[in-house]
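Residue numbers (the numbering used here): 93 to 239.
Here is the structure we will look at, set down as structure tokens.
What follows is the structure in structure tokens.
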């Protein structure tokens with residue numbers, strides 16, 4: 093459970109928690125925003141929450157219930173992008189072994205084709221070289237907007 097959640101469960105404000113711990117309000121704010129607390133800060137928090145130091149965790153999770161619809165879509169895109177790059181790295185490591193050790197070209201080619209499909213879908217290939225591409229390239233090269 094995050095520090096913020098532990099504090100809210102007790103019904104405390106950040107100022108109250110800081111006072112109870114003997115820490116600054118700014119330290120509490122930093123810890124709740126995800127900055128890693130020092131060992132001394134962890135000990136102070138553990139004492140106040142009557143728990144072990146190992147139980148004091150910094151929460152890096154995103155509270156998706158607080159996101160707007162557009163933000164949720166962007167988060168989904170970010171997760172798809174991370175997944176794609178994880179698959180790509182795995183492919184680049186495993187595919188040579190598939191082809192060299194097992195002579196399994198079909199699997200490597202199929203997996204590669206799937207990755208190309210995912211890349212085109214993820215990075216919107218139409219936008220890469222679509223109608224606006226020439227205009228964007230020209231504007232970059234001449235250093236001004238074109239009408």
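Heads up, the beta-carbon is just placed ideally off N, CA and C, and yes, glycines get one too.
- The C-alpha of residue 175 lies about 13 Å from the C-alpha of residue 206.
- As for any alpha helix (DSSP H) of minimum length 4 sitting wholly inside the segment 148–225, the runs are 161–192, 197–214 and 217–221, ordered along the chain.
- Around the beta carbon of residue 110, a 10 Å sphere encloses 16 or more other beta carbons of the protein chains shown; the residue is thus reported as buried.
- Residue 171 sits exposed, since fewer than 16 C-beta atoms from the chains shown fall within 10 Å of its C-beta.
- Between the segment 122–138 and the segment 178–188, the count of Cβ pairs shorter than 8 Å is below three; the stretches do not touch.
- Where residue 145 is concerned, there is no enclosing alpha helix (DSSP H), because DSSP gives it neither an H nor an E.
- Within the same chain, and ignoring the five residues on either side of residue 120 in sequence, the residues whose Cβ sits closer than 6 Å to its Cβ are 106, 109 and 110.
- Distance from the CA of residue 124 to the CA of residue 162, rounded to the nearest whole angstrom, comes to 25 Å.
- In this structure, the straight-line span from the alpha carbon of residue 103 to that of residue 144 is close to 20 Å.
- Here residue 141 is buried. Its C-beta has 16 or more other C-beta atoms within 10 Å.
- Counted as a single uninterrupted DSSP element, the alpha helix (DSSP H) harbouring residue 135 occupies residues 131–141.
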